[in-house]
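Chemist: In the working numbering, the protein residues as written are 2 to 127.
A single structure is presented below for examination.
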């Protein structure tokens, strides 16, 4: 599956949409498909400061429990509260309604350590 252009990706299968000093983060279609039906999502606390590539939560599916990592550093501004009642939104729309959390970015230059859509597509299809 072709990845959405304009997003950045981590090797741990998270995506990030950067808008100035703000970022929206979620898991990729490849990740949600590999996990299967998602039944629970634990997200970082609003107001917490998180470091790039640190473990910030958990995604639980009918197949497995997987750690959630952040592709960029920042202060958590918002989490997707709709996922508390409907975690399957991550399966249905991983790049839209299934977003996970939003950050105010604090790590200058971190985007250079992430992958473009084309680069991510290569590792996701290996």
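All residues carry an ideal CB built from backbone N, CA and C; glycine is no exception.
Could you check which residue in 7, 4, 103, 32 has the C-alpha nearest to that of residue 48?
Modeler: The candidate whose alpha carbon is nearest that of residue 48 is 103.
Chemist: Just the Cα atoms here: how many angstroms apart are residue 39 and residue 110?
Modeler: 32 Å
Chemist: If I follow the unbroken alpha helix (DSSP H) through residue 81, where does it start and stop?
Modeler: Per DSSP, residue 81 belongs to no alpha helix (DSSP H) and is neither H nor E.
Chemist: To the nearest angstrom, how far is it from the Cα of residue 56 to the Cα of residue 121?
Modeler: Going from the Cα of residue 56 to the Cα of residue 121 covers about 20 Å.
Chemist: Count the C-beta pairs between the segment 113-127 and the segment 57-68 that are closer than 8 Å, then say yes if the count reaches three, no if not.
Modeler: no
Chemist: In its own chain, which residues sit with a C-beta less than 8 Å from the C-beta of residue 45, not counting the 5 before and 5 after it?
Modeler: 51, 57, 58, 71, 77, 80, 102
Chemist: Return the first residue and the last residue of the beta strand (DSSP E) that residue 24 is part of.
Modeler: It spans 23-28 - the beta strand (DSSP E) in which residue 24 sits, taken as one unbroken run.
Chemist: Could you give the first and the last residue of the continuous beta strand (DSSP E) run that contains residue 94?
Modeler: No beta strand (DSSP E) holds residue 94; DSSP gives it neither H nor E.
Chemist: Residues in its own chain within less than 6 Å of residue 18 by CB, not counting five upstream and five downstream?
Modeler: 8, 25
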